[in-house]
Amino acid sequence: MHYKELKQAWSELIAPGSPFEIAEVEVRGQPLRMFRHAPPSVREIWLGTAQYGDRDYLVYENDRLTYAQAHAKVNAIAAWLAAQGVKSGDRVAVAMRNYPEWMLIYWACVSTGIAVVGMNAWWVADEMEYAIKDSEPKVIFADAERLERILERPDAAKGIRLVAVRVDPTPPGIIPFSDVVAHGGEMPEVSVDPDADACIFYTSGTTGFPKGAQLTHRGCVANLMNMGFSGQVQALATARATGVAPDPNAPVPVPAGLVVTPLFHVTANNCAAYAITAGGGKLVLMYRWDAGEALRLIANEKITAMSGVPTMARELITHPDFASADTSS
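Residue 246 in the numbering used here sits at position 252 of the sequence shown; the count goes up by one each step and never skips.
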């Protein structure tokens, strides 16, 4: 691939009338170059995935949810939040491992203009307390380990609804997640401001307290569009450089992503989860990182992509089972 082909492909894809046409838009008083045909908010991205119906969406150990099943649960969560008086502009915190519920809660919130506060699952009680006071969520969804830490600082969560996810038995005064889903209902009709916060993810806090980094709907959508644009540019430029055009009749592979980094971080959430979801693909979640288990999942679930740190890739290719594992997908 050469610069000439890349430059030509780039120019064609952002030209007027193209899917990635660029327009100048004023945002908060500042002129910005934006994708003209980008959805206005993350809500439209999620609602658009209803078309994938019976395709697998979330896989975790023995749990498997299709898009249709996920949409029903997301609608129920969104309706329950609305019934509690949680509205656009409010915040809801998620403190748990990479369980399927993480993404269900996420889509329910962003689809109704509620900002998701992704709490670091490794935080100790003091750090949990700090983030709760800093972000002021109306509701906190937490798994057993995180709930225990939150309850160590009861004053921090005073007046906040606590929902227990995969906790049995549920402690007194805590709402079981099953009750939230059992609420049922339809997705509320909401107009989401493109410049409202979609999510807040905290920095590591290496030199002080963690800081909540705010990602707007416009920014999240632009990131997704950028990923799509990058893929299209490379494909078009490669075809031009090699003289080999893709077969227009070839079936489009359905993406399947192995999520090995935390969903409270942009790598797994705003990059991997967004791209796979928008493409009607499958997100395969792990309880914790294990190279042998990852190889098994790659083979069984026909994984097409995995994003992680370099150490994970090294552990995969140096694992004793790598040579015999099916990684052809």
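C-beta: ideal position from N, C-alpha, C; glycine also.
I think residue i touches residue j, with their Cβ atoms under 8 Å apart; what is that distance to the nearest whole Å?
i: R49; j: V248; result: 7 Å
i: A76; j: A115; result: With a Cβ gap of about 27 Å, A76 and A115 do not count as contacting.
i: D137; j: P94; result: Rounded, the Cβ-Cβ distance is 12 Å, inconsistent with contact.
i: V157; j: A70; result: That belief does not hold up - the Cβ atoms of V157 and A70 are roughly 13 Å apart, past 8 Å.
i: P188; j: P13; result: Not confirmed; about 19 Å, so no contact.
i: P240; j: A233; result: 6 Å
i: K276; j: Y54; result: That belief does not hold up - the Cβ atoms of K276 and Y54 are roughly 11 Å apart, past 8 Å.
Kindly list the residues whose CB is nearer than 6 Å to the CB of residue i, restricted to its own chain and excluding five residues on each side of it in sequence; keep chain order.
i: A231; result: M(-5), E(-1), L0 and A3
i: N346; result: Coverage of the chain is limited to positions -5 through 323, which leaves residue 346 absent and any answer about it impossible.
Going by DSSP, what residue range makes up the beta strand (DSSP E) through residue i?
i: C193; result: D191 to Y196
i: Y54; result: D50 to Y54
For residue i, collect the residues of the same chain with a Cβ closer than 7 Å to its Cβ; drop the 5 residues on either side in sequence, then sort them by chain order.
i: V80; result: V86, I108, K132 and V133
i: F203; result: Y124
In the DSSP assignment, find the unbroken alpha helix (DSSP H) run with residue i in it and report its ends.
i: F223; result: H211 to T236
i: D173; result: F171 to A176
i: K127; result: A119 to S129
i: L26; result: Counting along the chain, L26 falls outside any alpha helix (DSSP H), though it belongs to the beta strand (DSSP E) covering Q24 to F29.
i: A269; result: Y268 to A272
Could you have a look at residue i and say whether DSSP puts it in helix, strand or coil?
i: K152; result: coil
i: Q63; result: helix
i: A207; result: strand
i: E15; result: coil
i: L310; result: helix
i: I8; result: coil
i: I134; result: strand
i: E139; result: helix
i: R37; result: helix
i: M280; result: coil
i: E20; result: strand
i: L289; result: helix
i: L257; result: coil
i: M97; result: helix
Using a Cβ-Cβ cut-off of 8 Å (strictly less than) and excluding sequence neighbours within five positions of residue i, which residues of its own chain qualify?
i: I292; result: L252, M300, A319, D320, T321 and S323
i: E180; result: N69 and A73
Using the rule of at least 16 other Cβ atoms within 10 Å of the residue's Cβ for burial, across every protein chain shown, is residue i buried or exposed?
i: I311; result: exposed
i: G112; result: buried
i: H31; result: exposed
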